[in-house]
Amino acid sequence: DTEVTQTPKHLVMGMTNKKSLKCEQHMGHRAMYWYKQKAKKPPELMFVYSYEKLSINESVPSRFSPECPNSSLLNLHLHALQPEDSALYLCASSQDERQGRSHTNYGYTFGSGTRLTVV
Amino acid sequence: AQSVTQLDSQVPVFEEAPVELRCNYSSSVSVYLFWYVQYPNQGLQLLLKYLSGSTLVESINGFEAEFNKSQTSFHLRKPSVHISDTAEYFCAVTGYGGSQGNLIFGKGTKLSVKP
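As they're listed, the protein sequences go chains A and B. Residues in the first sequence are numbered from 168 upward in steps of one, following the numbering used here. Residues in the second sequence are numbered from 36 upward in steps of one, following the numbering used here.
Structure below.
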């Protein structure tokens, strides 16, 4: 299995709703990522999990809450979002080789994304 | 830290013409380089990558890119484009080693192929 699977593909939610985005991979990758992509822009990194631990949070507002239940799954919990949070949310995974404090990441694979609309 | 510059935000070209999408990077460490393609309303697909070995890498649909360390470039080329190649193309880099080798994207180049 060489894919990253994201569900749902589309999501429309109100500003008072709570929803979750899900991501799954079975490639044995130990690093998983959430990216946000606005129209006509490159993906922007939100969170990085390395060996199931949150290693990077790029100053993302607390209305976005990531969770990594195990090495194959990554969730993004959404609560009280704003219309400007509407975007394509991409999950990715990669090999993460560690040597001491050094990481080398390669083999990045992206999911097809969740198109989120906040109304 | 790494950075990526894609010099052209838009490249219009006629069908069956050759195309080059330019990508330059900067890094204080050795790098891995990638080109991703994004078709309208879809996610990112890996087009090709340079990890090590031959500096010329090829994709299955006729694209190729050459890693040039002295010029810090990884330009993407195709000798004859098709309408179906119309998409956004992102160059990306990750550093070898360091505190966290995360993927850094360029701003993207929109390739528009006209009949």
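Here a beta-carbon is modelled for each residue, glycine too, at the ideal position from N, C-alpha and C. The model shown is predicted, which means the values in this text are computed figures rather than measured ones.
From A:Val285, A:Thr284, A:Phe231, A:Phe277, pick the residue whose C-alpha is nearest to that of Gln73 of chain B; which is it?
-> Among A:Val285, A:Thr284, A:Phe231, A:Phe277, the Cα nearest to that of Gln73 of chain B belongs to A:Phe277.
So, is Leu105 of chain B buried or exposed, given that buried needs 16 or more other C-beta atoms within 10 angstroms?
-> What sits at residue 105 of chain B in the sequence shown is Ser, not Leu. With fewer than 16 other Cβ atoms within 10 Å, it is exposed.
Quick one: is Glu220 of chain A buried, meaning 16 or more other Cβ sit within 10 Å of its Cβ, or exposed?
-> A small fix is needed here, since residue 220 of chain A is Lys in this sequence, not Glu. A residue is called buried when at least 16 other Cβ atoms come within 10 angstroms of its Cβ; Lys220 of chain A does not meet this threshold and is exposed.
Quick one: what's got a C-beta closer than 6 Å to Glu123 of chain B's C-beta in the same chain, skipping five residues either side?
-> Taken in chain order, the residues that qualify are Gln73, Gly143, Lys145.
Do Pro47 of chain B and Lys149 of chain B come within 9 Å of each other at the CB atom, strictly closer than that value?
-> Yes. Within cutoff.
Where Pro170 of chain A sits in the DSSP three-state scheme | In the sequence as displayed, the identity of residue 170 of chain A is Glu instead of Pro. Glu170 of chain A: coil per DSSP, three-state reduction.
Hey, is Ser261 of chain A's beta-carbon within less than 9 Å of any beta-carbon in chain B?
-> Chain B, which has a Cβ nearer than 9 Å to the Cβ of Ser261 of chain A, makes this yes.
Contacts around Ser65 of chain B, its chain only, beta-carbon distance under 6 Å, and the 5 residues preceding and following it disregarded = Correct list, in chain order: Tyr131.
Whole angstroms is fine: what's the gap from Leu212 of chain A's alpha carbon to Ile118 of chain B's?
-> Rounded to the nearest angstrom, the two C-alpha atoms are 31 Å apart.
For the segment 45 to 79 of chain B, list the alpha helix (DSSP H) runs that are entirely contained and at least 4 residues long, ordered along the chain.
-> Fully enclosed alpha helix (DSSP H) runs of 4 or longer: not present.
Reducing DSSP to helix, strand and coil, say where Ile185 of chain B ends up.
-> Only positions 36 to 150 of chain B appear in this structure, which leaves residue 185 of chain B out of reach.
So, using beta-carbon positions, are Pro233 of chain A and Tyr216 of chain A closer together than 9 Å?
-> Closer than 9 Å, so yes.
Below 6 Å CB to CB, which residues in the same chain sit around Ser62 of chain B once its five sequence neighbours on both sides are set aside?
-> Only Gln37, Gly130 meet the Cβ criterion.
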